[in-house]
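In our numbering, the protein residues as written are 2 to 490.
Glycine included, each C-beta is placed from N, C-alpha and C at the ideal position.
Computed from a predicted model, the values in this text were never measured in an experiment.
One structure is given below, encoded as structure tokens.
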């Protein structure tokens, strides 16, 4: 836990952001001051506090201060516009919103968020220090009793397929998740990791932030991804661990000059969405280090399977982690044998309490005591799990089922393809037509005819895209996931 790090490593650097560093002891003092400030501002145990800001130290400090006060951090993506922010703030029934001045224009009008008592704007480190030195932070530190089953944070999920749902993660969920990741990745206090993924997302928040602070390691935080800044930081701080989504790895592969700056890395991890095996192979050829994959989701507070340093298969998402059970089941929840495809279900101490304010959705997702992921997977004979696709993304064309990921993985093998997304679009004859959207690597050429011919040689006829659209860019979430619903439009 963070308290353990403060006890044993108070003078050790915990966080670096834009050339400013904070020790564990300094962070602890700032967090305690913010607990007093929030309490004086009227925040009480059980209140939902919406954190609506980009990555910055204040986000982390306020998150832990809210937890110590027994409040619940509602993690609002900084990329959200006014209507999106309103939906999350109202759905979570947040009573306080904390933001920065740059995002104040995206705060909904007061009459549309009537339950919000206060909007607090923090813009700069100087402003934060002013708050911390002020009278509002002087006084007795509130003593609040929380249990492991109390909700610590609400993270919104489901935005790529429909209306977001607020997954309630408890203090126990977060603790087990951090211990799980630290154990399987063998993170030590000597490690230095980077985080440029949005802190509102489970990947950055649970897999990276909580894990690093509970491991007494050092985290280099960025407001977002900037290749030059990230590469410079890797060199300056001798970063040992690197975390990103597939899109970022593809950018590095397209920038060979970056290779000489990543020599300090000894562990590389891809999360957020599936990594094409072809990209992993290209990365190994270029950088000489494996990209580790795992499988996780917001409702499970990060990862439930891992590919290990000493035991892995490229293309798989690894084996179940020690604290969780993972099964592949049929429509009646009967466990399937290796080689049989079905839905992935999960059980363990890291699984969410439920969706905030959505009891029916909670019952559906957690039926039988197992989290139903909505992902189609298959175990091999050695116990490695493979993602086939999302159940909701399956394309039914001419009565045949097509998994978009299979087509995407093949397209990634074409020498000109940079990124791609495959969806089913309405078709008078087939019901749905397999349709691909593709971006090309810099300096390469290919057209629709080339790519369809490439697929015809390697796929059953019904899996071959009827149309391939060459586009400049693909719509994505802030976490780098391709937005299939946007492609369908």
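message: Are there any heavy atoms of the ligand ZN lying less than 8 Å away from the beta-carbon of residue 484, as far as the coordinates show?
response: With respect to small molecules bound, the structure shown includes none, and the ligand ZN cannot be examined in it.
task: Please confirm if the region 358–366 is in contact with the region 337–350, defined as three or more CB-CB distances below 8 Å between the two stretches.
output: no
query: What separation, rounded to the nearest whole angstrom, lies between the Cα atoms of residue 238 and residue 454?
result: 47 Å
- prompt: Among 420, 458, 86, which has the Cα closest to the Cα of residue 1?
  reply: As shown, the chain starts at 2 and ends at 490. That puts residue 1 outside it, with no answer to give.
With 16 other Cβ atoms within 10 Å as the buried cut-off, status of residue 336: Answer is exposed; the Cβ neighbour count stays below 16.
- prompt: In the structure shown, what three-state DSSP assignment does residue 122 receive?
  reply: strand
query: What residue ranges within the region 239–289 form continuous beta strand (DSSP E) runs of no fewer than 3 residues, ordered along the chain?
result: 242–245, 268–271
Helix, strand or coil at residue 418 [DSSP, three-state]: Strand, per DSSP.
- request: Measuring alpha carbon to alpha carbon, tell me which of 47, 81, 78, 58 ends up nearest residue 67.
  value: 47
- request: With residue 214 as the anchor, note down where its alpha helix (DSSP H) starts and where it stops.
  value: 212–215
- prompt: Apart from the five residues just before and just after residue 199, which ones in its own chain have a Cβ nearer than 7 Å to its Cβ?
  reply: 56, 78, 79, 205, 479, 480
query: Contact between the region 462–470 and the region 422–440: three or more CB pairs below 8 Å?
result: yes
field: Spatially closest choice to residue 286 from 250, 294, 225, 311, by CA coordinates
entry: Ranking 250, 294, 225, 311 by Cα distance to residue 286 puts 250 first.
field: alpha helix (DSSP H) runs wholly inside the region 295–368, at least 4 long, in chain order
entry: If we require 4 residues or more, the alpha helix (DSSP H) runs fully inside the region 295–368 come out as 360–366.
- prompt: Curious, which full-length beta strand (DSSP E) runs of at least 3 residues does the region 53–109 contain?
  reply: 73–77, 97–100
query: Roughly how many angstroms lie between the CA atoms of residue 98 and residue 120, to the nearest whole one?
result: 5 Å
field: Through-space distance from residue 3 to residue 216, alpha-carbon basis
entry: 8 Å
- request: Quick one: residues in its chain with C-beta nearer than 7 Å to the C-beta of residue 65, no 5 flanking neighbours on either side, listed in chain order?
  value: 3, 32
- prompt: Which residues mark the beginning and the end of the alpha helix (DSSP H) in which residue 195 is found?
  reply: Looking at the DSSP string, residue 195 is not in any alpha helix (DSSP H); the run it does join, the beta strand (DSSP E), is 193–196.
task: Per DSSP, which residues does residue 427 bridge with? Please list them.
output: 433
message: At the level of alpha carbons, what is the spacing between residue 417 and residue 439?
response: 10 Å
message: Looking at residue 235: is its Cβ nearer than 9 Å to the Cβ of residue 266?
response: yes
task: Just grab the DSSP bridge partners of residue 402 for me.
output: 397, per the DSSP bridge assignment.
- prompt: residue 261: buried (16+ other C-beta within 10 angstroms of its C-beta) or exposed?
  reply: exposed
message: Report the CB separation of residue 16 from residue 58 in whole angstroms; it is logged as a contact under 8 Å.
response: 6 Å
message: For the alpha helix (DSSP H) containing residue 171, name the first residue and the last one.
response: No alpha helix (DSSP H) contains residue 171, which is instead part of the beta strand (DSSP E) from 166–171.
Bridge-paired residues (DSSP) for residue 146: Residue 146 is not bridged to any residue.
- prompt: Could you give the distance in angstroms between the alpha-carbon of residue 82 and the alpha-carbon of residue 75?
  reply: Taking the straight line from one Cα to the other gives about 16 Å.
query: So what does DSSP say about residue 291, is it helix, strand or coil?
result: coil
task: Could you work out which residue in 52, 388, 175, 289 is closest to residue 108 when comparing CA atoms only?
output: 52
- prompt: Would residue 412 pass as a contact of residue 441 if the rule is Cβ separation under 9 Å?
  reply: no
message: Between the region 382–394 and the region 309–326, can you find at least three pairs of beta-carbon atoms closer than 8 Å?
response: yes
query: Buried or exposed: which applies to residue 61, given that a residue is buried once 16 or more other Cβ atoms fall within 10 Å of its Cβ?
result: buried
query: Comparing alpha-carbon positions, which option in 256, 350, 233, 377 lies nearest residue 371?
result: 350
- request: Give the single residue among 407, 242, 357, 301 whose Cα lies nearest to the Cα of residue 165.
  value: Closest option to residue 165, Cα to Cα, is 357.
message: Restricting to Cα atoms, I'd like to know which of 89, 436, 461, 175 is closest to residue 300.
response: 175
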